[in-house]
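Only one structure is covered here, and it is reproduced in the block below.
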Amino acid sequence: MKKAFYGFFLALVAVVFTACSGFTKEPVMATVNGDVYYLQRIALPDNAKLTVTLADVSLADAPMEVISSQSYMTEGQQVPLPFSLSYSPSEIKPGHTYTVSARIEFDGQLLFISDTANPVINDPAKTQNISIQVVSAAR
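Residue numbers (mature numbering (1 follows the signal peptide of the UniProt record, and there is no 0)): -19 to -1, 1 to 120.
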């Protein structure tokens, strides 16, 4: 009788552990947020598009690895233009360098682009409420 009870108990425990192993936690997302601005005293067209990208730029001889990218239609809004990028912390590798870049386009033509590195994530103080300056792409 004891052997049957122990056998039943072990089978029950095995079923419980097997059933619980299928549960996964919701991925925890982190964010980088701030605004994009330029110094020129000109208005953006009503339907300009802002694209902000978070990328791993650690490798000098390789293209950047995009972690997250978000595009926004400005809908008449002028600078500063707010943004928020969500990313999975599991994609962040210790010792790597991450930057945020921005560009503003109108009808497929580049109007403004960031031309300086904006490091984030490695320094938590530079990951929230950051300001990205973009410069005119016109030559």
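Just so you know, even glycine gets a beta-carbon here, dropped at the ideal spot from N, CA and C.
The alpha-carbon separation between S69 and P8 amounts to approximately 7 Å.
Assignment of beta strand (DSSP E) within the stretch 34 to 92, counting only whole runs of 3 or more residues, yields 46 to 54, 62 to 68 and 79 to 87 in chain order. Judged by beta-carbon spacing, L35 lies beyond the 8 Å limit of L62, meaning their Cβ atoms are not closer than that value.
Between F87 and V116, the CB-CB gap reaches or exceeds 8 Å.
For the pair L31 and T12, the CB atoms are not nearer than the 8 Å cut-off. Boundaries of the beta strand (DSSP E) harbouring T12: A11 to Y18, taken from the DSSP string. Comparing C-alpha distances from Q58 to each of L25, S95 and N14 shows the shortest one belongs to L25. Residue state for P26 is assigned as coil, using DSSP reduced to three classes.
In the DSSP assignment, S95 falls outside any beta strand (DSSP E), carrying neither H nor E. From the listed residues A118, L91, K74 and G89, the smallest Cα separation to N103 is found for K74.
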